[in-house]
Amino acid sequence: MSFSLASLSFGGLLLWCFVLAIALGASILLFLLISLTISQNIIPSKCRPRGSPTHLLVVLGSGGHTAEMLYMLERMNFDPQIYTYRTYLVSSGDNFSADKAKDFEAQHVQNSQGHTHNKNYTIVTVPRARRVHQSYLTAPFSTLRCFWACLNVLRGLHPDQRLPNEYNSLYPDLILTNGPATAVCVVAGAKLIRFFLCLAKCAALCLGLRTVSSFALAPKLRTIYIESWARVSSLSTSGVLLLPLADRFLVQWPAQAGRRAWWGMKRTQYAGWLVI
Numbered sequence: 001m002s003f004s005l006a007s008l009s010f011g012g013l014l015l016w017c018f019v020l021a022i023a024l025g026a027s028i029l030l031f032l033l034i035s036l037t038i039s040q041n042i043i044p045s046k047c048r049p050r051g052s053p054t055h056l057l058v059v060l061g062s063g064g065h066t067a068e069m070l071y072m073l074e075r076m077n078f079d080p081q082i083y084t085y086r087t088y089l090v091s092s093g094d095n096f097s098a099d100k101a102k103d104f105e106a107q108h109v110q111n112s113q114g115h116t117h118n119k120n121y122t123i124v125t126v127p128r129a130r131r132v133h134q135s136y137l138t139a140p141f142s143t144l145r146c147f148w149a150c151l152n153v154l155r156g157l158h159p160d161q162r163l164p165n166e167y168n169s170l171y172p173d174l175i176l177t178n179g180p181a182t183a184v185c186v187v188a189g190a191k192l193i194r195f196f197l198c199l200a201k202c203a204a205l206c207l208g209l210r211t212v213s214s215f216a217l218a219p220k221l222r223t224i225y226i227e228s229w230a231r232v233s234s235l236s237t238s239g240v241l242l243l244p245l246a247d248r249f250l251v252q253w254p255a256q257a258g259r260r261a262w263w264g265m266k267r268t269q270y271a272g273w274l275v276i
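UniProt numbering puts the first residue of the sequence shown at 1, with every later residue one more than the last.
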């Protein structure tokens, strides 16, 4: 009889632990969903000190994604006097994207004297999130490795980065990407850093600390995701994952306009053809 009571007691304990785990998981999920909704609907300040340096991070996704991205930069009459420092992020083994970034800087980013701004940009390489035909069993490990490398790039800790001293923050001001897998790691990493910085700021306010970090003075790590021109009626896998994370989600076909991850979130914005 005592064994039976002990078994019932142990079973009841397991049941309570299971209920608490579900409640905790649901609370965390609800908190994240509310945080994402609030974060997406906050309008960042558009006021920047005149002449202040701006750090742009461009994710080159290899192949057609790289060609689309550089063509879009060319079409927007890219001004190095506005985007004073550029970081081009490429995946390991993608020499094509690295060479195209160098060509773009040499051909289109020139000052009034005709000299390229070769000291105002850098190309950083991160491990590939998933190789072609890679097993889905090993893909999570390579993705985590890529995610950690992207976090280091966003924090200015990558060994290839050499940001000039006039930039008071190692975080890039703006992140521009159009996929694929590496883009998910970069945008998710930016969102994660902003989330913890926001928590740190809230904790400082609760503790009555009056010091305000430079991050609070000017918005950083703002993300723009551009869906590929080839996606006419459905979003890509990267697009589906980044729809609730990107600050601005641009699409190039009317059928893609107005989509959102869930009620209360920002909608996709129709920008017309950006690569034609």
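Idealized CB from N, CA, C, for every residue including glycine.
Using only the alpha-carbon positions, how far apart do residue i and residue j sit?
i: residue 76; j: residue 16; result: 58 Å
i: residue 136; j: residue 52; result: 45 Å
i: residue 122; j: residue 74; result: 18 Å
i: residue 244; j: residue 261; result: 5 Å
i: residue 232; j: residue 257; result: 11 Å
i: residue 253; j: residue 24; result: 41 Å
i: residue 20; j: residue 32; result: 18 Å
i: residue 271; j: residue 207; result: 44 Å
i: residue 150; j: residue 71; result: 24 Å
i: residue 313; j: residue 259; result: No answer is possible for residue 313: it lies beyond the span of the chain, which begins at 1 and ends at 276.
i: residue 172; j: residue 28; result: 29 Å
i: residue 79; j: residue 56; result: 11 Å
i: residue 146; j: residue 170; result: 19 Å
i: residue 235; j: residue 193; result: 26 Å
Taking Cβ to Cβ, would you say residue i is nearer than 8 Å to residue j?
i: residue 87; j: residue 54; result: no
i: residue 143; j: residue 131; result: no
i: residue 242; j: residue 224; result: no
i: residue 228; j: residue 105; result: no
i: residue 238; j: residue 181; result: yes
i: residue 89; j: residue 186; result: yes
DSSP three-state label for residue i, please.
i: residue 124; result: strand
i: residue 29; result: helix
i: residue 186; result: helix
i: residue 194; result: helix
i: residue 275; result: coil
i: residue 19; result: helix
i: residue 34; result: helix
i: residue 216; result: For residue 216, the pLDDT reaches just 47, beneath the cut-off of 50, and the residue's location in the model is therefore unreliable, leaving the point undetermined.
i: residue 251; result: strand
Nearest to residue i by alpha carbon, out of the options?
i: residue 125; options: 138, 156, 93 and 103; result: 93
i: residue 188; options: 154, 200 and 158; result: 154
i: residue 128; options: 175, 234, 164 and 59; result: 59
i: residue 166; options: 120, 134 and 14; result: 120
i: residue 268; options: 14, 35 and 41; result: 41
Flag residue i as yes if its beta-carbon sits less than 8 Å from any beta-carbon of chain D, otherwise no.
i: residue 151; result: In summary, chain D is missing from the structure at hand, where a single protein chain is found.
Can you list, in chain order, the stretches of the alpha helix (DSSP H) that have 4 or more residues and sit fully within the region 48 to 110?
63 to 75 and 95 to 108
Fully enclosed by the region 126 to 183, which alpha helix (DSSP H) runs are 4 residues long or longer?
Taking only runs of at least 4 residues, the alpha helix (DSSP H) segments lying wholly in the region 126 to 183 are 139 to 154.
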